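Before any comments, here is the structure.
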Amino acid sequence: MSEQYWLMKSEPDVYSWDDLVAEKEGMWDGVRNHAAALNMKTMKKGDLAIFYHSNIGVEAVGIIKISKEAFIDPTDEKGKFVAVKVKPVKKLKNPVPLKAIKANPKLAEMDLVRLSRLSVGKVRPEEWAEVMKMAGEKV
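Numbered according to the numbering used here, the sequence shown spans residues 61 to 199.
Next comes the structure, spelled out in structure tokens:
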């Protein structure tokens, strides 16, 4: 199976891009939405994801890599939900704001646009390429 792409949202006042960079590897935990959790169970080591600041900033800010596949989330007392581990790959040259993503017709079907409350969403390869282009990154 080819590489998969994702978008993972975090509130920067809770866990920001800079927090992940400082830790070098972070645990993506606390996800309690079943659709988001299912996406996390599908992730493979080496998959890439867009690190997205939600609520404050509301923009794609970096690229992260899945470093450990799904395991039981230690913050879930019932043991139903999963966490993954991630490592920073690079900060985007230019953050890509939600307004710009929504304004781009090539991204109209993106999970981020269609399922705005979903904290961990799939990103199709062509969507990934478009967001990277918008960020000034080589694809």
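For glycine and all other residues, C-beta sits at the position ideal for the given N, C-alpha and C.
In this text, all values refer to a predicted model and were calculated from it rather than measured experimentally.
Mapping DSSP to helix, strand and coil, what is residue i?
i	result
L178	coil
M103	coil
K125	strand
M170	coil
V199	coil
V74	coil
P165	helix
D133	coil
K138	coil
Using a Cβ-Cβ distance under 7 Å, would residue i count as near chain B?
i	result
F111	No chain B is part of this structure, which consists of one protein chain only.
DSSP beta-bridge partners for residue i?
i	result
L152	Note: L152 sits in no beta bridge, so no partner.
F111	M68 and G122
K145	M87 and K128
V183	Y65
P157	E119
Report yes if the CB atom of residue i is closer than 7 Å to the CB atom of residue j, and no otherwise.
i	j	result
W66	V183	yes
A95	L178	yes
E119	P155	yes
A143	M194	no
S127	V149	no
F141	R92	yes
P185	G117	no
Evaluate residue i with the Cβ neighbour count: other Cβ atoms within 10 Å of its Cβ, from every protein chain shown; 16 or more gives buried, anything less gives exposed.
i	result
E137	exposed
N115	exposed
M61	Confidence at M61 is low in this model, with a pLDDT of 48, below 50, so the placement of that residue should be treated as unreliable; the coordinate-derived value is given next. M61 is exposed by the Cβ-count criterion.
V199	exposed
Under 8 Å: do the segment 105–116 and the segment 164–171 share three or more Cβ pairs, one atom per stretch? no
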